[in-house]
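Asker: In my numbering, the protein residues as written are 265 to 479.
For each residue, glycine too, the CB sits at the ideal point set by N, CA and C.
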């Protein structure tokens, strides 16, 4: 108790973790490496789904692929490490647009909306309104999807990964060939991708610490 590892409730007499113990736990969680911990999760998802899978994180230039595992099927799907994915047309980018919070992301999103509006000869307000509705739908399902928008013939799902503070730190993405890759929100590949992201989130401490109680 003197070290702050445990504390006693004056009313019930019961013991609980003290402030120092919680600080140690949070410091340990902060040292966890999403890329290292994602390895077995990605391998398992690739093996179970038979699809190419990838991990993306937010980098200096946006949503960036940092690791990928190729399924090795008859048609090769490659996602080069270091590639930056568009925020409004890729499954990975849409996942970050829906769940990641950053002033820089908002600036990039605004730029993509303006570029899309110009390419379509549409009003930016209309493009933005459609995007906001799409992002609301993504948040409702807990996963984003895209069909042939970045690479023709390729579908994708991407689910957010959260750390102990509840902040999105990465996205797990599954990619497959249109026709063999079911894009339904509740398809097996969608569920497997969500489960993989949830597994990595738990390994990063998501849900294990009540951030509000530490405020």
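#1: For the beta strand (DSSP E) holding residue 436, just list the boundary residues, first then last.
#2: Cα separation between residue 318 and residue 438?
#3: Give the straight-line distance between the Cα atoms of residue 303 and residue 383, rounded to the nearest whole angstrom.
#4: Considering only residues of the same chain and omitting the five flanking positions on each side of residue 299, which have a CB-CB separation below 7 Å?
#5: For residue 426 and residue 390, I'd like the C-alpha separation in whole angstroms.
#6: Starting from residue 319, trace the beta strand (DSSP E) both ways and give me its first and last residue.
#7: Under the three-state reduction of DSSP, which class applies to residue 328: helix, strand or coil?
#8: Assign residue 291 to buried or exposed, taking buried as 16 or more other Cβ atoms, counted over all protein chains shown, within 10 Å of its Cβ.
#9: For residue 475, count neighbouring Cβ atoms within 10 angstroms of its own Cβ and tell me buried if that reaches 16, exposed if not.
#10: Name, in chain order, the residues that DSSP records as bridge partners for residue 349.
#11: Would you call the stretch 343-353 and the stretch 411-420 touching, i.e. three or more CB-CB distances under 8 Å?
Answerer: Answer, in terms of the structure:
#1: Residue mapping note: residue 436 aligns to position 172 of the chain shown, counting from 1. Unbroken beta strand (DSSP E) run through residue 436: 432-441.
#2: Translated into positions along the chain shown, residue 318 becomes position 54. Translated into positions along the chain shown, residue 438 becomes position 174. Going from the Cα of residue 318 to the Cα of residue 438 covers about 7 Å.
#3: Along the chain shown, one-based indexing puts residue 303 at 39. Along the chain shown, one-based indexing puts residue 383 at 119. Rounded to whole angstroms, the separation of the alpha carbons of residue 383 and residue 303 is 39 Å.
#4: For the purposes of this step, residue 299 is taken as residue 35 along the chain shown, with counting starting at 1. Correct list, in chain order: 319, 330, 331.
#5: The count along the chain shown starts at 1 and reaches residue 426 at position 162. The count along the chain shown starts at 1 and reaches residue 390 at position 126. Rounded to whole angstroms, residue 426 to residue 390 spans 31 Å at the Cα level.
#6: Position 55 of the chain shown, counted from the start, is the residue given in the question as residue 319. Residues 316-323.
#7: Reading the chain shown from its first residue, position 64 is the one you call residue 328. Secondary structure at residue 328: strand, using DSSP grouped into helix, strand and coil.
#8: Sequence index remark: in the chain shown, residue 291 carries index 27 (1-based). Since pLDDT at residue 291 reaches only 49, below the 50 mark, its modelled position is unreliable, and the value read off the structure follows with that caveat. So residue 291 ends up on the exposed side.
#9: Against the chain shown, residue 475 aligns to sequence position 211. For residue 475, the predicted model reports a pLDDT of 44, less than 50, meaning its position is unreliable; a value from the coordinates is still stated below. Exposed.
#10: Within the chain shown, the letter at position 85 stands for residue 349. In the DSSP assignment, the residues bridged to residue 349 are 327.
#11: Yes: the two stretches touch, three or more of their Cβ pairs being nearer than 8 Å.
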